[in-house]
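First comes the structure, then the notes that go with it.
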Amino acid sequence: MKKKMLCTCMAAAMAVSSLSGFAMTASAEDEAVTLTVLAGQSTTDAGIEDMIDEALAKVYPNITLEWECVDWGNDFQPKMQQYMQSGLPDIMIGKAQDVATYAPQGILAEIDSQYLDAGLDAARENVTIDGKTYGLVYNALYQGVYYNKDMFAENGWEIPKTIDELQAIIDDCKAKGITPFASHMVDTWSIGNVTMQFMMNDVFNNDPTWGDKFRAGEVSFSTDEAAQTAYQYNKLIYDNTYEDTFSLEQTDCDARMVLGEAAMKVSGSWSIQNFLAIDENFNFGIFPFPNQTGDSKLIFEPNITIMTSASTEHQDAVNKVLEVLTTDKDLAVEIYDYTNTAAMLKDVTPTFPNPSQEDIDKYAADGMIVDVTLGNNQLVWGGFQEENAKDIAAWLMGDATFEDALAASDGRVDASSAS
Amino acid sequence: MEKKMFRQYLTLVIPGLIIFTIGIIVPLTLSVRYSVTSWDGMSVEKPFVGLQNYINLFKDKEFLDAFWFTIKFTIGNTIIQNVLALLFAVALDSGIRAQKIYRTALFVPCLISALIVGFVWLKMFSNVLPEINKIFGTKINFLLFGSSETVLGGLLIANNWQWVGYWMLIYLAGLQSVPADLHEAAKVDGANAVQRFFHVTVPMLAPSITICVVGITTGSLKVYDLLVSSTKGGPGRASTSMIYQTYITAINGRQYGYGSAMTVTLVLMLLLVAMLQVNSLRKKEVQM
Chain Z
344 MKKKMLCTCM AAAMAVSSLS GFAMTASAED EAVTLTVLAG QSTTDAGIED MIDEALAKVY
404 PNITLEWECV DWGNDFQPKM QQYMQSGLPD IMIGKAQDVA TYAPQGILAE IDSQYLDAGL
464 DAARENVTID GKTYGLVYNA LYQGVYYNKD MFAENGWEIP KTIDELQAII DDCKAKGITP
524 FASHMVDTWS IGNVTMQFMM NDVFNNDPTW GDKFRAGEVS FSTDEAAQTA YQYNKLIYDN
584 TYEDTFSLEQ TDCDARMVLG EAAMKVSGSW SIQNFLAIDE NFNFGIFPFP NQTGDSKLIF
644 EPNITIMTSA STEHQDAVNK VLEVLTTDKD LAVEIYDYTN TAAMLKDVTP TFPNPSQEDI
704 DKYAADGMIV DVTLGNNQLV WGGFQEENAK DIAAWLMGDA TFEDALAASD GRVDASSAS
Chain W
12 MEKKMFRQYL TLVIPGLIIF TIGIIVPLTL SVRYSVTSWD GMSVEKPFVG LQNYINLFKD
72 KEFLDAFWFT IKFTIGNTII QNVLALLFAV ALDSGIRAQK IYRTALFVPC LISALIVGFV
132 WLKMFSNVLP EINKIFGTKI NFLLFGSSET VLGGLLIANN WQWVGYWMLI YLAGLQSVPA
192 DLHEAAKVDG ANAVQRFFHV TVPMLAPSIT ICVVGITTGS LKVYDLLVSS TKGGPGRAST
252 SMIYQTYITA INGRQYGYGS AMTVTLVLML LLVAMLQVNS LRKKEVQM
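Protein chains in written order, with this note's numbering: chain Z, 344 to 762; chain W, 12 to 299.
Structure representation (structure tokens):
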């Protein structure tokens, strides 16, 4: 009898303790948590925060994201500098190249492999430092020369692989009264962007450590022919674009391209939103800007990259956000379709109509695609590339000589590295 | 009684003094401290470099270009804005019909953020005004922000459009406080309208002129937000002001120490200019 009573008491105690344990777990899970998020967004990204909020609320209604969305190009770095003094947000969304800037400061947390494994391996290399991965790459942009497929077909133009072939198309365009290139140089960032495209194919594809050599004083813009050629391509664009390019914004520029006023545009996937918004039937493709050796590669840029704070007090909640982002495929497709960008998650395929996809697939199949993060890590955007772009603009407008622009880039060598 | 007065005085002064100290004195002191380091704004270390940043400033072509752009912008603004504001004020003070409508129309732009003004004029020069050429078949160059030769003119138009109404109100208040009998006396002495304007109105307006000149000058030396949304300091570097250059150097370029040296230099310059202007203009003010 005593044994029976003892067993009953023990069983009851176990049941009560497990129930109370369950109750404690449940209350911990249900505890309301607010995570702060600094989102450095590209022009394509504004609006995805609502999609993420909605998806998160379905699974973890107790987690709220407090978003601070800023323009990546102008405001992400200043905000990060500010928060490095006052305390980082729990989650930061930037670009893959930001990992090289902030991870060495010891402020980013390593991302758990269970979330990283949901992503493609292709983008992991450039967000990994000393064997630790600090960024979850969510989508990618492709960069190259967008071209009007119908116009190319009507005029019998083939995809150019060399500069001479590109020049032949430019000459034919001019003879037929077509503007060869659409461009919007009022946005100096666009000059910086295309210059890195040129640098990738003429410099970094041949010498991936060119930036390190630049800092070591072994090479310079004033002495390196390949780097100078990359800068000179800006002149090729400038001489063959709209007269009002320094007054033209991206939307107007993309509209002219869609309306058939220009044959090509050196750009990135961020133009697709505009192309399709203006004419959903616009038939466009993409090819890499030709280089001197005829082996240029299409460029892809890991874009939305999620980083987490090493000092967050809500690591569990942060992980749950990462879980939603990496497992909710409907959310992923919704974001890719909205931003018109490529997936960096396994087994997720965007469904938006993208006439340039067949070109991308072809270059991918031939192994002719390269990650621009290599170049952006070698020569950083903030303080270097974007400043060089201003000197290039001054040179194009005749306010400075080519040598001045090269010398200015050389003089900025100390700002060329993130560390 | 004196003690009570002193306590009341302290009660009134201390809150303002605390805010001023936290908002101005502390950041300025920190700026001075950072300006003698090569701090990147992120690292823990702030290596001391002495006056090297200040020496480098005077060899830095980008900073000197920004300095000259700021000076040209300031001179242009100070002259145009004062002259236009005074002329509008005189016109509105002359008893013309519907003056309240004109006054409101001129004043409204200054209620808009300079960021919006920059964006509005970017669209005006790039999209709206060029349509006039299409409609009338003319070839007027409206693309003022698109060339380094015309960008200053474009920015002066935008800035003056925004602020003329504000300064006009100050002149208008000054004009309305000029005693009418002074004009009557001058008239009796045979002075014509122009003579009365230069020998009665302008001297009596001296306090307003001091306020407007100092306000416009210091405001123009600090120009930043207008540039952010219109030219972004371009094309190239053609419209980069000192503040804009300071921002991109300190924040984007991760040269916080060097950027702080630029800030300290600008503050000293602002103080110097304001002091010189106030001293010289005050001497010309008429005491009634």
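Where is the CB? At the ideal position from N, CA and C, for every residue including glycine.
Note that the structure is a prediction, hence the values are computed from the model and not measured.
Contact under 8 angstroms by Cβ, serine 252 of chain W with threonine 81 of chain W: yes
Beta carbon proximity, threonine 753 of chain Z to chain W, threshold 8 angstroms: The sequence given here places aspartate at residue 753 of chain Z; threonine does not occur at that position. Judged by the 8 angstroms Cβ criterion, aspartate 753 of chain Z is not in contact with chain W.
9 angstroms Cβ cut-off: residues of chain W touching threonine 531 of chain Z: Lys243, Gly244, Gly245, Pro246 and Gly247
Neighbour-count burial assignment, leucine 431 of chain Z, 16 or more Cβ in a 10 Å radius: buried
Chain W contact residues for glutamine 384 of chain Z, given Cβ-Cβ distances below 9 angstroms: What glutamine 384 of chain Z touches in chain W: nothing, since even the nearest Cβ is about 17 angstroms away.
Which residues DSSP lists as bridging glutamine 384 of chain Z, in chain order: Z:Asp414
Stretch pair the segment 570 to 588 of chain Z + the segment 448 to 463 of chain Z: three plus CB contacts closer than 8 angstroms: no
Delimiting residues of the beta strand (DSSP E) encompassing phenylalanine 630 of chain Z: 627 to 630
Entirely enclosed alpha helix (DSSP H) segments - the segment 206 to 285 of chain W, minimum 4 residues: 217 to 232, 236 to 241 and 253 to 258
Chain Z contact for serine 158 of chain W (CB, 8 angstroms cutoff): yes
Option nearest glutamine 486 of chain Z by Cα separation, candidates Z:Asn417, Z:Val380 and Z:Ser612: Z:Ser612
Residues that tyrosine 289 of chain Z bridges to, as DSSP identifies them: Nothing can be reported for residue 289 of chain Z, as the shown portion of chain Z is limited to 344 through 762.
Close beta carbons around phenylalanine 557 of chain Z, own chain, < 7 angstroms, minus the five adjacent residues each side: Ser563, Val756 and Ser759
Where glycine 364 of chain Z falls, given that 16 or more other Cβ within 10 Å makes a residue buried: The predicted model places glycine 364 of chain Z with a pLDDT of 46, which falls under 50 and marks its position as unreliable; any figure quoted below should be read in that light. The residue in question, glycine 364 of chain Z, is exposed, as its Cβ has fewer than 16 Cβ neighbours within 10 Å.
Start-to-end residues for the beta strand (DSSP E) that takes in methionine 650 of chain Z: 648 to 651
DSSP bridge partner residues for threonine 48 of chain W (one or two, in chain order): W:Phe59
DSSP-derived helix/strand/coil call for methionine 435 of chain Z: strand
Bridge-paired residues (DSSP) for asparagine 203 of chain W: Answer is none; asparagine 203 of chain W lacks a bridge partner.
Outcome for asparagine 144 of chain W when other beta-carbon atoms lying within 10 angstroms are tallied against a minimum of 16: exposed
Alanine 366 of chain Z, buried or exposed, once every other Cβ within 10 Å from all chains shown has been counted against 16: A caution first: alanine 366 of chain Z carries a pLDDT of 43, below 50, which makes its placement in the model unreliable, though a value can still be read off. Per the 10 Å Cβ criterion, exposed.
Exposure of tryptophan 79 of chain W, with buried meaning 16 or more beta-carbon neighbours within 10 Å: exposed
Residues that glycine 554 of chain Z contacts on chain W, provided the C-beta gap is smaller than 8 angstroms: Near glycine 554 of chain Z there are no residues of chain W at all, since even the closest Cβ is about 16 angstroms away, more than 8 angstroms.
Three or more C-beta pairs below 8 angstroms linking the segment 707 to 720 of chain Z and the segment 534 to 543 of chain Z: yes
Residues in the segment 616 to 637 of chain Z having any Cβ partner in chain W nearer than 8 angstroms: none
Close Cβ partners of asparagine 93 of chain W (< 8 angstroms) along its chain, the five nearest in sequence each way excluded: Trp178, Ile220, Cys223, Val224 and Ile227
Alanine 465 of chain Z in three-state terms, based on DSSP: helix
Span of the beta strand (DSSP E), counted from its first residue to its last, around isoleucine 712 of chain Z: 712 to 714
Chain Z contact for valine 53 of chain W (CB, 8 angstroms cutoff): It is worth fixing the name first, because residue 53 of chain W is methionine in this sequence and not valine. It does; some Cβ of chain Z falls within 8 angstroms.
Three-state secondary structure (DSSP) of alanine 369 of chain Z: Model confidence at alanine 369 of chain Z stands at a pLDDT of 42, short of 50, so the residue's coordinates are unreliable; what they give is reported in the following sentence. Alanine 369 of chain Z falls in the helix class under three-state DSSP.
Local Cβ density within 10 Å of valine 119 of chain W, reported as buried at 16 or more and exposed below that: exposed
Whether valine 376 of chain Z touches methionine 687 of chain Z by CB criterion (8 angstroms): no
Cβ of isoleucine 262 of chain W within 8 angstroms of any chain Z Cβ: yes
Cβ-heavy atom distance, threonine 387 of chain Z to the ligand COA, below 7 angstroms: The ligand COA is not part of this structure, which contains no ligands at all.
Rounded straight-line distance, which links the Cα of threonine 684 of chain Z to that of isoleucine 35 of chain W: 46 angstroms
Backbone CA spacing between methionine 607 of chain Z and cysteine 596 of chain Z [nearest angstrom]: 11 angstroms
Chain-ordered chain Z contacts of serine 137 of chain W [CB-CB under 9 angstroms]: Val529, Asp587, Ser590, Leu591, Glu592 and Asp595
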